Amino acid sequence: MYTNVFRACSLSLPSSAYRLITRNLTSNSNTNTVRSIGDRFGVKHRSRRFLRNYLIANGLILGGGSLYYYYYLTPKERRQIRVTFEGFQRGFRSFQIGLLITIDYKYHFWKFPETSPEYETKLKECHSRAADRIAQGCIENGGLYVKMGQGMVSADHILPKEYTDGLRCLQDKALRRQRNEVSQLIDEEFGCQVSDLFSYLSPEPIAAASLAEVYEGRLKTTNERVAVKLQYIDLQDRFTGDILTIRMILYAL
């Protein structure tokens, strides 16, 4: 309707007046368009800024609350949380090693069929690489993984020689633990200090294995010289998760 009216008026107006009206209408249209775009941009900008501030505020609240909660935990509860996160790391490392070994064997069998003259030589090299990867993974994961690697060494009647040779380094491998773990373990198990039980306890272990360490000590009551075998403090906490991961790996194999 407005278009028809405008056309009718344009017929009766001088050309100069017609150009002036047209210029004003065009200017108003452009202004409204710019204002509309600006309004939409402002709404989007405010929405993004609100979302960003909302996420930052919630992150600070959750992070501060977690730190506050962690600060008031007992050493045992803190260790359990730490062991849980480390369990995911050990599991990921184990599956990563298993995947690399699988790819290595698949590539070997694809490139060197059994009829190839290099088959046996390349297969032994593949066994050696797999054994090195497993040994390194057991050392990094520690605990039950080292024990599993030691058990694989004794299965020399089943496994290829390259495996037993590569894993033999785990026979005498033991991870050194922190000194304060001894006092923490005795406090958790017996509810007392080291000095309440022993008049002397060697500062360093005289022997170590994958699951425990042995210290030289003297009983406080009789002054008798004894060997004190202490299980690693986090072994029980990580036992269930490590056993589950090892079972899944063996099932996949």
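Each residue of the sequence shown is one higher than the last, beginning at 1 in full-length UniProt numbering. From the three backbone atoms N, C-alpha and C, an ideal C-beta is built for every residue, glycine too. None of the values given here were measured: they were computed from a predicted structure.
Buried/exposed call for residue i, threshold 16 Cβ in 10 Å
i: C126; result: buried
i: L250; result: exposed
i: R90; result: buried
i: D234; result: buried
i: L244; result: exposed
i: R52; result: exposed
i: R48; result: exposed
i: I101; result: buried
i: A135; result: buried
i: T240; result: exposed
Integer Cβ distance of residue i from residue j, believed to fall under 8 Å
i: G166; j: A131; result: 3 Å
i: R93; j: N141; result: 6 Å
i: I246; j: M152; result: Between M152 and I246 the Cβ distance is about 11 Å, and since that is not below 8 Å, they are no contact.
i: S128; j: E162; result: 5 Å
i: P205; j: E213; result: 4 Å
i: Y145; j: D242; result: 7 Å
i: R220; j: L197; result: Sequence inspection shows Lys at residue 220; the Arg mentioned does not correspond to that position. Their Cβ separation, rounded to whole angstroms, is 6 Å, which keeps K220 and L197 in contact under 8 Å.
i: residue 264; j: G137; result: The question about residue 264 has no answer, for the chain in this structure spans 1 to 253.
i: H108; j: K122; result: 6 Å
i: R218; j: S199; result: 5 Å
i: A209; j: E216; result: Rounded, the Cβ-Cβ distance is 16 Å, inconsistent with contact.
i: Y232; j: G143; result: 7 Å
i: Q184; j: Q171; result: That belief does not hold up - the Cβ atoms of Q184 and Q171 are roughly 29 Å apart, past 8 Å.
i: V182; j: L230; result: 6 Å
Where residue i sits in the DSSP three-state scheme
i: L244; result: helix
i: Q236; result: helix
i: Q231; result: strand
i: Q171; result: coil
i: Q193; result: coil
i: T74; result: coil
Alpha helix (DSSP H) segment containing residue i, residue limits
i: Q184; result: N180 to F190
**Prompt:** Whole alpha helix (DSSP H) runs in the segment 101 to 163 with 4 or more residues, listed along the chain?
**Reply:** Segments of the alpha helix (DSSP H) lying fully in the segment 101 to 163: 119 to 141 and 144 to 153.
**Asked** Counting only runs that start and end within the segment 199 to 228, where is the beta strand (DSSP E) found for 3 or more residues in a row?
**Response** DSSP runs (the beta strand (DSSP E)) wholly in the segment 199 to 228: 212 to 219.
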